Structure formats: C-alpha cells, structure tokens
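Residue numbers (UniProt numbering): 1 to 289. Beta carbons are placed, not taken as given, at the ideal position from N, Cα and C, and that holds for glycine. Quick caveat: nothing in here was measured; it's all calculated off a predicted structure. Data first, discussion second: the structure below is written as structure tokens.
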Amino acid sequence: MSTDQQQPADEQEPATETPDTPDGGTNPEAKDTTAPFTGPVPTQFDLAADVTVLKPIFEVAASLVEQCRIAVSADGLAMRAIDAECVSMLELRVDAASFDRFDVTEGVLGVNVQHVVDALSVGGAGDVGQLTLNASASELEVDVDGVTRTAELIPTESIRTPPSLPEIESPATCHISRPDLSFALSAASVLSERVEIDVDTDDGELRFCANGDVDSMVYRREPQELVAFEPADALARFETSRLRTIDRALPGESPRKLEVGQHNPVRLSAPFPDAEGVCQFMVAPKLPT
Numbered sequence: 001m002s003t004d005q006q007q008p009a010d011e012q013e014p015a016t017e018t019p020d021t022p023d024g025g026t027n028p029e030a031k032d033t034t035a036p037f038t039g040p041v042p043t044q045f046d047l048a049a050d051v052t053v054l055k056p057i058f059e060v061a062a063s064l065v066e067q068c069r070i071a072v073s074a075d076g077l078a079m080r081a082i083d084a085e086c087v088s089m090l091e092l093r094v095d096a097a098s099f100d101r102f103d104v105t106e107g108v109l110g111v112n113v114q115h116v117v118d119a120l121s122v123g124g125a126g127d128v129g130q131l132t133l134n135a136s137a138s139e140l141e142v143d144v145d146g147v148t149r150t151a152e153l154i155p156t157e158s159i160r161t162p163p164s165l166p167e168i169e170s171p172a173t174c175h176i177s178r179p180d181l182s183f184a185l186s187a188a189s190v191l192s193e194r195v196e197i198d199v200d201t202d203d204g205e206l207r208f209c210a211n212g213d214v215d216s217m218v219y220r221r222e223p224q225e226l227v228a229f230e231p232a233d234a235l236a237r238f239e240t241s242r243l244r245t246i247d248r249a250l251p252g253e254s255p256r257k258l259e260v261g262q263h264n265p266v267r268l269s270a271p272f273p274d275a276e277g278v279c280q281f282m283v284a285p286k287l288p289t
C-alpha cells in the first residue's frame with residue numbers, strides 16, 4: 001500500500017508492495033508479524049464464548065474476504081486479510097481471556113468466515129457458541145445451543161498470505177461517534193463515489209467533503225463535536241462505498257478512531273464491545289495527479 005503520488009488519479013494502490021518492516025528494522029520494537037499467519041494447523045482448537053463475543057469477530061472478517069487465515073496461540077486469536085483489489089486491509093486480535101474456554105495449540109486455520117457467521121447466526125445473546133477442530137475430518141464444528149454445523153477447512157496455502165499493516169505516519173487522529181461517521185459517509189454517498197477527509201488546523205475542524213456533477217457538500221465537525229481530536233493538516237480522498245462498508249463492519253457502538261495523513265491511507269479502528277481486543281482497517285486513498 002505505497003503512497004507514490006506520481007500515479008494517475010483514481011488508480012488504487014496495491015497494498016502488498018509495502019514491506020512488513022517499512023522502517024528497515026531501525027525501530028527496536030519492530031518485528032515480523034506475518035510469521036504467526038503461516039504454519040501448520042493446530043493440533044487442538046476448542047473454544048467457547050457467548051455468541052455476542054464470537055459472531056462480531058467473524059463478521060468483521062467476512063465484510064472484507066470470504067476466506068481467511070486464523071492464527072491462534074496461548075495469547076489469543078488473530079485474523080489478517082486484504083481484499084482482492086489490494087485496497088482495504090484488516091487486522092484484528094482478541095485476547096484469550098475474552099473466551100469462556102480457549103484450549104488451543106499454536107497454529108493457523110483456513111476457514112470460510114461467512115460460513116462461520118451463518119452457523120453462529122442461529123443463536124443470540126446468552127447462547128454459547130463452541131468452535132471445535134475435527135482434525136480427522138479436516139472440519140471446524142460450530143455448535144450453538146445444540147445445533148451443530150460443520151465447515152470444511154481450507155488449506156492455508158490456497159489463501160493469500162496476509163501482509164502486515166504498514167506503519168505509515170498519519171499525524172491527525174480523530175475520534176468520532178459511530179452515528180456521526182455514518183451520517184457523514186451517507187451524506188457524501190448521495191453526491192459522489194468519492195469522499196475527502198480533510199483536517200484543517202487553522203480552522204480547527206474535521207471535514208467530510210464530496211463533489212457531485214453540480215452540487216457539493218461539506219460536513220464539519222469542530223473539536224467539541226468530536227469525542228477526541230488531535231489535529232494536524234491532513235487531506236485524503238477515498239471511495240465512499242468502501243468506507244461505508246468498513247463503518248458498518250467495525251464492531252459495537254464505540255467511537256471510531258480515524259488516523260489520517262496527506263494523501264495517505266486512512267486507518268479506522270474500534271474495540272470489540274464484549275471482548276478484549278481491537279479491530280482495525282486500513283484503506284488506500286485515491287491519489288491526486
């Protein structure tokens with residue numbers, strides 16, 4: 001997901017071109033985070049939690065891809081994915097303590113995440129979902145309140161190796177309520193397939209801008225109208241539909257954190273409402289000429 005500004009306008013950036021350690025290893029805390037998403041199928045995978053904990057995890061992944069690698073270790077569960085166009089990337093992590101039962105050995109599973117969502121959809125709040133690996137049949141068993149559905153495992157080598165999210169400096173950070181962000185993106189979508197996210201330090205505000213064939217719109221948010229605001233001059237343009245999809249996919253009703261730079265990818269993140277973990281997306285911009 002490079003940010004070379006010499007590309008033609010409206011050409012999407014391939015996210016896979018950014019190396020896993022973009023700082024060249026100069027940061028002592030930098031590490032190769034791709035390794036946990038490669039390796040053998042775990043010999044043990046048995047976890048249980050309320051459906052309200054499990055379902056959002058898989059719904060987030062299903063909003064971006066059909067098939068996904070799931071990395072598990074004693075610390076918890078993680079997913080990372082990139083869409084077919086190499087425009088949107090996802091990383092989520094959920095701590096082991098978030099589950100009622102988390103009995104796993106380290107490894108990586110390949111699953112159809114939408115099938116898991118469908119299986120969990122038969123339950124609701126208060127229902128316990130259980131995910132169990134049947135290694136002999138190469139299946140993942142999903143049980144909710146006595147209803148068991150099996151999902152065939154997908155060989156991980158047939159699923160694209162997910163790159164780590166690049167460490168791109170985005171100086172402006174805006175925490176905006178979910179209804180506010182949804183309203184801004186909905187208003188922009190009426191006029192255009194593109195929306196600009198503009199942070200202006202002189203005026204001290206966050207702006208969402210869209211231009212139609214004749215009309216235009218600006219939705220302004222001043223600091224007191226945001227949950228938190230760390231302003232810095234920033235401007236980037238994105239596909240409205242992609243941001244709306246991510247806005248809907250982010251879990252819970254907590255404020256959304258937007259990290260924006262000058263023609264950089266935007267990072268959108270939110271915590272899981274009923275689990276210890278975080279979900280973050282990164283979306284490449286439409287670049288200017």
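- As summarised for the region 221-255, the continuous beta strand (DSSP E) elements at least 3 residues long and confined to that stretch are 228-230 and 234-239, given in chain order.
- Every alpha helix (DSSP H) stretch that sits fully inside the region 106-180 and reaches 4 residues is listed by chain position as 113-120.
- A straight-line Cα-Cα distance of about 30 Å links K286 and S158.
- Only residues of its own chain outside the window of five on either side were considered, and among them A210, N211, G212, D215, S216 and M217 have a CB closer than 8 Å to the CB of L191, listed in chain order.
- A buried status is given to G277, since no fewer than 16 other beta-carbon atoms sit within 10 Å of its beta-carbon.
- Setting aside the 5 residues that flank it on each side, Q44 is surrounded in the same chain by D103, V104, T105 and L133, each with a C-beta closer than 8 Å to its C-beta; the list follows chain order.
- Leaving aside the five residues that flank D83 on each side, the residues in its chain whose CB is nearer than 7 Å to its CB run, in chain order, L64 and V65.
- As computed with DSSP, P271 is found in a beta bridge with V278.
- In this structure M282 is in contact with L165, their Cβ atoms being roughly 5 Å apart against a cut-off of 8 Å.
- Residues R244 of the same chain have their beta carbon placed closer than 8 Å to that of S186, with the five preceding and five following residues left out of the count.
- Bridge partners of K257 according to DSSP: H175 and S269.
- By the C-beta criterion, the region 237-255 is judged not to be in contact with the region 136-151, since fewer than 3 inter-stretch pairs fall below 8 Å.
- For S177, same chain residues with a beta-carbon under 7 Å away, outside a window of 5 residues either side, are V227 and P255 in chain order.
- For E59, the enclosing alpha helix (DSSP H) begins and ends at V51 to A62.
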